[in-house]
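Notes to accompany the following structure.
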Amino acid sequence: MLLSADGTRTPGTAALFAEPARRGGIPPWAGDFRPANSAGNGPKNAVGKTFTLELPDGSTGKVVVQSLKSGKGGVVLALMGEDAPPF
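In the UniProt record's numbering, the protein residues as written are 1 to 87.
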């Protein structure tokens with residue numbers, strides 16, 4: 001689930017990954033978010049905006065939408081995580 005600052009909830013599926021930590025820092029993380037069919041193309045004008053990503057287990061993390069990719073499978077939002085990974 002992708003949550004916007006105004007409380008709008010966009011259901012969908014996230015694929016997340018972590019990269020190796022840099023010298024004692026927080027390991028960077030990123031991923032993709034595919035809005036559910038019922039959500040259409042997801043949040044409007046999302047690129048560059050910060051959202052809260054809520055995982056099925058209830059954990060959350062802040063993400064910034066880096067770009068939108070569209071293809072045969074629909075729209076995919078490329079995410080970059082902020083703070084510690086929620087997984």
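Glycine included, C-beta positions come from ideal geometry on N, C-alpha and C.
Residue i in three-state terms, based on DSSP
i, result
"S59", "coil"
"A84", "coil"
"A46", "coil"
Option in the options with minimal Cα separation from residue i
i, options, result
"K72", "L79, L3, N37", "N37"
"N45", "L77, E19, A15", "L77"
"S70", "E54, A84, G42, G81", "G42"
"S59", "R34, P35, P86, L68", "P86"
"T8", "A84, L53, W29", "L53"
Cross-strand partners of residue i (DSSP beta bridge)
i, result
"K69", "V76"
"residue 113", "Only positions 1 to 87 of the chain appear in this structure, which leaves residue 113 out of reach."
"E54", "T60"
"A5", "The partner list for A5 (beta bridge, DSSP) is empty, contrary to what the question assumes."
Cβ distance (whole Å) where residue i is taken to contact residue j below 8 Å
i, j, result
"G31", "L79", "5 Å"
Outcome for residue i when other beta-carbon atoms lying within 10 angstroms are tallied against a minimum of 16
i, result
"F17", "exposed"
"V47", "exposed"
"A14", "buried"
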